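So the sequence shown is numbered by the working numbering: it starts at 60 and just counts up by one.
Ideal placement from N, C-alpha and C gives every residue a C-beta, glycine not left out.
Quick caveat: nothing in here was measured; it's all calculated off a predicted structure.
The next block holds one structure in the form of structure tokens; read it before the comments.
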Amino acid sequence: MRRVYTIGEILIDFFPSEIGVPLKEVQGFTKQPGGAPANVAVTVSRLGGNASFIGKVGQDAFGDYLTDVLKQNQVDTRHLFRTAEANTALAFVSLQENGEREFSFYRNPSADMLLDKKELEELVFTAADILHFCSVDLIEAPVKYAHLAALEKMQQAGGTIVFDPNVRLNLWPDPEMLKQTIQQFLPYADILKISDDELSFITDTDSEADGIAALLKTEPKLLILTKGSKGADLYFKGEKASVEGISVKAVDTTGAGDSFIGAFLYQIANRVNWEDCSLDEIREMGTFANRVAALVTTRPGGMQSIPTLQEVLSLEG
Numbered sequence: 060m061r062r063v064y065t066i067g068e069i070l071i072d073f074f075p076s077e078i079g080v081p082l083k084e085v086q087g088f089t090k091q092p093g094g095a096p097a098n099v100a101v102t103v104s105r106l107g108g109n110a111s112f113i114g115k116v117g118q119d120a121f122g123d124y125l126t127d128v129l130k131q132n133q134v135d136t137r138h139l140f141r142t143a144e145a146n147t148a149l150a151f152v153s154l155q156e157n158g159e160r161e162f163s164f165y166r167n168p169s170a171d172m173l174l175d176k177k178e179l180e181e182l183v184f185t186a187a188d189i190l191h192f193c194s195v196d197l198i199e200a201p202v203k204y205a206h207l208a209a210l211e212k213m214q215q216a217g218g219t220i221v222f223d224p225n226v227r228l229n230l231w232p233d234p235e236m237l238k239q240t241i242q243q244f245l246p247y248a249d250i251l252k253i254s255d256d257e258l259s260f261i262t263d264t265d266s267e268a269d270g271i272a273a274l275l276k277t278e279p280k281l282l283i284l285t286k287g288s289k290g291a292d293l294y295f296k297g298e299k300a301s302v303e304g305i306s307v308k309a310v311d312t313t314g315a316g317d318s319f320i321g322a323f324l325y326q327i328a329n330r331v332n333w334e335d336c337s338l339d340e341i342r343e344m345g346t347f348a349n350r351v352a353a354l355v356t357t358r359p360g361g362m363q364s365i366p367t368l369q370e371v372l373s374l375e376g
């Protein structure tokens, strides 16, 4: 099986003890491991794949905890670095009755932002490898240039690059800067995964068709548009495949998008050459990924809600 690398933030999510209460009124929180790239790596590993995480945590108790969590989930941590210059990133979350969230982040800077490109000099990719990244750590900091170094290494190796912008406006000083940065990195993507609520922001149009057309001009080999409970559309080799949504009682949507792309990449990693797949095979991968994401929304917490392969197969039955 091919290896999936993810690069970027890993952090502590503090989830509320109460649901339907504004963040400022929450009385208590429980810590959980989080961060989109870390969630993707754990998803791949829990399903039975090979996953490696590239990032940085602080020399603090939270950094110890996150390192242990990745190791317990059989995620390779050889490229997880530590620093005493900043603390591990924290995010406080409030939950609404429908599972939607409100975030407050503490990272000015946080350890993940200090990942340095020099620390990746010994990182070696092969043509079989897959590299996933998001936009949170593309902010102007050392970690942005670590991303660029990793992306260039993967391009030179001939591997697969996956971009899931995972827009978080409250982590950027200026929305326009975030938009321009995402657009700058779009051409790197062999696989591009966008959610429907990010499409208009990234493409500057309220028309889904026009937004998709704009993204396809950046020439991803596969474009995935996720639509939450409505499923997903997959654009591959000039054709479109749609995956229907799964009706579940959503408790918490944290990590659903991460688990979708993680489950999709788990299947890509099982293929000798995913680019040779038929549209039906791509649709089947989307259906599987949708089941994983649906399961995640029925449980509280991000990373802890990610299912095993057996749990996903049980849902299929």
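D188: not part of any beta strand (DSSP E); DSSP gives it neither H nor E. Straight-line spacing of the CA atoms in L338 and D119 works out to 47 Å. In this structure, the beta-carbon distance from K238 to Y204 does not fall below 8 Å.
The distance from the Cβ of L274 to that of F295 is about 13 Å, inconsistent with a contact at the 8 Å cut-off. Listed as beta-bridge partners of N109 by DSSP are R62. Taking 8 Å as the upper bound for CB-CB distance, A309 and T356 are in contact here, some 4 Å apart.
Shortest Cα-Cα distance from E178 to any of N229, H138, A353 and I305 involves H138.
Look at V152 here: in three-state DSSP terms it is strand. One thing to note: F151 has its Cβ within 8 Å of the Cβ of L82.
Listed in chain order, the non-local C-beta contacts of D265 below 8 Å within the same chain comprise S259, local neighbours out to five positions each way being set aside.
Scanning its chain for C-beta atoms nearer than 8 Å, with the 5 sequence neighbours on each side dropped, one finds around E370 the residues L354, in chain order. A check of alpha carbon separations from Q363 across G314, R350 and A328 identifies G314 as the nearest. Its chain contains T277 as the residues whose beta carbon lies nearer than 6 Å to that of L245, once the 5 sequence neighbours on both sides are disregarded; these appear in chain order.
Taking the CA atoms as reference points, I71 sits about 30 Å from D249.
Under a 10 Å Cβ-count criterion, V116 is classified as buried, with 16 or more other Cβ atoms of the shown protein chains found around its own Cβ. DSSP places Y294 in no alpha helix (DSSP H) but in the uninterrupted beta strand (DSSP E) bounded by A291 to F295. Taking a contact as a CB-CB distance under 8 Å, the pair G67 and F192 counts as one, their CB atoms being some 6 Å apart.
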